[in-house]
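Sequential numbering of the sequence shown, starting at 745, is according to my numbering.
All C-beta atoms, glycine included, are put in the ideal place defined by N, C-alpha and C.
For reference, the structure is listed below as structure tokens.
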Amino acid sequence: MARFIVLILFLFMVEHSSYAASEKTNPIKDGWSQGVPLRQLVPSYMGDNLEMAIIPTPKYAEYANRFLTVLPGLVILPNKYDHPATLRELSKLEFSSQKPVVAGSYQENPDLKFLVIIGNENRNPLAKKFLSQMDASLTVAETKELGPEGYRLIVSKDAKGRVVILLAGNQPAGDFWAVQSLKQLLVTHKDKRYVLGASIKDWPSFRARGSKGMRNYLPQYKDNFSWGGSSKTFIQNFGWHVPYYAPGGSLDCSDKNIDQLAEKFKKDFNAGARAFGIKFDDVGIGMTNETKKRFTSYGKAICYFMHELDKRAKKLDPQCRLYYLPQCYGARDGGDLAKQILAAGGLPKDTTLCWTGPSVFSKVLAPKAMKHYMDSFGLGANKGLIYDNIARGGDYFPIMREGRSQKLVNHLDGVFSENSTRLNRITRCDQNWNPEAYDPQRALKLACREVSDRNPKRYKAIFAFVSYYEENRQVPFGLSRVKKIELLKNVNKKLTVLLANLKTVVPAKNAMLKDVTKAVNVRLQKFEKLASAGYREAKATRTKTAPVLDGKLDDACWKTAKEITNFVVWDQEKWQSLRPKMASPVPANQQTFVRILFDDKNLYLAVRCLSDVPGAFKTTKEDGSPYWWAKKKNKHPDTGGIWHGPCIEFFITPGKNPMNYYQFVASVSGLRYDSYSGQPAAVWNSGWITKTNVQAKEWTLEVSIPLKSIQVDKIEKGNVWGMNICRNKPGHQMWTFVWSPKGFHTPGDFGTLSFE
């Protein structure tokens, strides 16, 4: 019995000593032990303990379940510190009534119970002392891993019982981002302030994280990049701004024009910009008469133009560089333009590319496609920028995790988004800082938390609305038109109820509420149009005899296929100003007729495009030269930009996932473009065949698409695919007729193609 008692005591001592030893190795956690319990101050209203989580998601973070009291204290800076942005942000937090002091003049004061230490151990000796005491010093390799924007954030009590907040950036930018994280750990309860205990080691994956334009609140979520817009906010907050210039479609390589453009650089340079965007998207490949006489090709002209601009930028500062956004900005590669540029000696060596890709609305960004595009311009040693159009038009949906590979950082400086809502921008900040840990649902919850100002009732109303909106934004694939419209009616009723509830808890002037209200109103208006002409249904007919592809549509088999027509004017909200506002879809004044056949190997299309204007489909000017969109730019079968001229775009979703869709574009001049949303366009080719026939008041098209190229083994009777057909008129690319009037790249809203 005595031996048994001794054994028990021994085991207890071993267990106790192990526990004590373990605790000694975690002095940071020791400092949390006497704080105020988390749930005493913050209720659980998000369901998964995210109420105090930091967004964007840190690389490594451990949160206490206790708060420490914020007391009058002192801010201690490195000995040499003059970084207004960080000092400004700290002053807003009002941790001290006196000015910050530098480490060299700091004297221990037993009455001080609250310290804020800025800078890492290499910059502030007090940080080094604190980290050593907390057994949290970093190795040389760990410090290097943090990079120029990385930081340590520790909130704990030290051995003297003082609350210490360490904001330890490798450089001042890291200090600034640490302060942004700290803001999210603070709460006020009954006129007292508290800070959550935490231990964080964090750094960004992408060095450029931002959007087109800018918003003042974005640095709060570590957004540091602005393409266009105002430079002031970003540059002051350790970000960088790329002002862009659009030289136009007719390239002017005169010294006068280049000097005038470079002169504009100075204003942005003096405001802090060191990178300049040269933007050629959405314009033709053309040259002024003077430039044509000087250069034998556009490639030589653009090389001269970019090199001369680069020289002038380098005179401002050797660190200045150019970002080139070429005409083929959404193409699978640079095609003939890239070849001309390489043949002419290439772009300036430190130039990088900005583009959307591999297609204009890329749900997938594949590293292989990124590398392919940079290599095609001879710039593979540099990192590019992706101008991401996914949320174009104010979409609430956060970027999908699928397709945003961690390996993108090997080929991109960053991904910046189109203009969108606050919810979307905040979720993008989360993904661009730490794509490795990005979780769309988590990011959406945190974004809803932020726009609700952490008010539980407001959060629940916002999240309920947004979640339902996103879950039902796309109508389920494969339903009949009647069922789609019935479902849409029920969804709209529920959204109206949720919106009414939202308005009871969110202030009327709240910007987010205005966004939500607009989204619902647009959806309800579109429903009226969809109910009358949307969610179209078409039939494809099996044929025993394949048509002879010559573009003439005179094969007997075409007469067995049902005709698809009644195209309407595409009413995209962004382009509403270009035409009268329409309460319902307006029939196209120049109709299009389509027939579809299939056999065991191919899908066939016959298209007839009418015009009431003789010669509307000419591909050459009066002098006999081709329009730029009609030029055979290269031997590659796919050519971007052809939608600026007369062409047909055919979209299909043959698989079970409607988000994976195929796009085929055939122009009146015989040019083609194809892309697949689920695979990099740089490595995918369908092997499709097209033939055209142009007459005075119409042009006709025959198409054959191999089933194996669209991952279809065989079409069975009764199969249903999603489909849309769009016809672009001469002139502006957005003067378009469509079969199903919801837009181009929204497969959940395509019509249906049934096989009989």
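| task | Please go through the region 1169-1226 and give each complete alpha helix (DSSP H) segment of 4 or more residues, from N-terminal end onward. | result | 1184-1195 and 1200-1215
| When the distance is taken between beta carbons, is Y1131 closer than 8 Å to W984? | no
| field | Own chain residues within Cβ distance below 8 Å of S777, not counting five before or after | value | R810
| message | I need the DSSP call for M703, collapsed to helix, strand or coil. | response | This structure cannot settle anything about residue 703, because the visible part of the chain is limited to 745 through 1500.
| Should the region 885-898 be regarded as contacting the region 845-857, the criterion being three or more beta carbon pairs within less than 8 Å? | no
| said: Closest to E1215 by C-alpha separation, out of K824, Y895, L1188 and K1461, would be which residue? | reply: L1188
| If you run the structure through DSSP and keep just helix, strand and coil, what is C1064? | coil
| request: Run the proximity test for A1015: is its beta-carbon closer than 7 Å to any non-hydrogen atom belonging to the ligand ATP? | output: The ligand ATP is absent from the structure shown, which contains no ligands of any kind.
| field | Reduced DSSP secondary structure (H/G/I, E/B, other) of Q940 | value | The sequence as given places Leu at residue 940; Gln does not occur at that position. Three-state DSSP puts L940 in a strand.
| field | Chain-order list of residues whose beta-carbon lies under 6 Å from that of D967 (same chain, five-residue window excluded) | value | R953, G954 and C1173
| field | Beta carbon of Q1351 nearer than 8 Å to that of L1445 | value | The identity of residue 1351 in the sequence shown is Val, whereas the question assumes Gln. Contact flag set, yes.
| Inter-residue spacing [alpha-carbon to alpha-carbon] between P1331 and V1482 | 10 Å
| task | Output the residue ranges of the beta strand (DSSP E) runs that lie fully inside the region 1030-1097 and measure 3 residues or longer, sorted by chain position. | result | 1065-1069
| field | Nearest-angstrom beta carbon gap, G848 and N866 [assumed within contact, 8 Å] | value | The pair is not a contact, with the Cβ atoms about 15 Å apart (cut-off 8 Å).
| query | For D1157, which of helix, strand or coil comes out of DSSP? | reply | strand
| said: Helix, strand or coil for I712? Go by DSSP, reduced to three states. | reply: As displayed, the chain neither begins before 745 nor continues past 1500, which places residue 712 out of reach and without an answer.
| field | Completely contained beta strand (DSSP E) runs for the region 978-1019, where each covers 3 or more residues | value | 984-986
| Test item: CB-CB of I1002 and E1052 under 8 Å | yes
| Bridge partners - A1410, DSSP secondary structure assignment | I1392 and R1416
| S1164 to K956, Cα distance in whole Å? | 9 Å
| said: What does the alpha-carbon distance come out to for the pair V1313 and S1161? | reply: 28 Å
| said: Considering just the uninterrupted stretch of the beta strand (DSSP E) at P1450, what are its terminal residues? | reply: E1442 to P1450
| Which stretch, first to last residue, makes up the alpha helix (DSSP H) that contains A885? | V884 to L890
| field | Length-filtered (3 minimum) beta strand (DSSP E) runs lying within the region 840-898 | value | 858-862
| query | Starting from S970 and walking both ways along the beta strand (DSSP E), at which residues does that stretch end? | reply | F969 to W971
| task | State yes or no: is the C-beta of L1349 within less than 8 Å of the C-beta of I1386? | result | no
| request: Sort out for me which residues DSSP pairs E1281 with in a bridge. | output: T1496
| DSSP three-state call for S776: helix, strand or coil? | Note that residue 776 is Trp in the sequence shown here, rather than Ser. Here W776 sits in coil by DSSP.
| query | Just checking my contact of L929 with M796 at CB under 8 Å: how many whole Å lie between their CB atoms? | reply | 6 Å
| request: State the DSSP-derived secondary structure class of S1106, mapped to helix, strand or coil. | output: coil
| query | How big is the Cα-Cα spacing for D1299 and E1281? | reply | 24 Å
| Same chain, Cβ closer than 6 Å to Q1334, five either side skipped, listed in chain order | L1354 and S1355
| request: Measure the alpha-carbon distance for P1450 versus K1458 and round it to whole angstroms. | output: 11 Å
| What is the rounded straight-line gap between the Cα of H1489 and the Cα of S1419? | 12 Å
| P1491 in three-state terms, based on DSSP | helix
| What residues match up with I1022 in a beta bridge as DSSP calls it? | Y989 and Y1068
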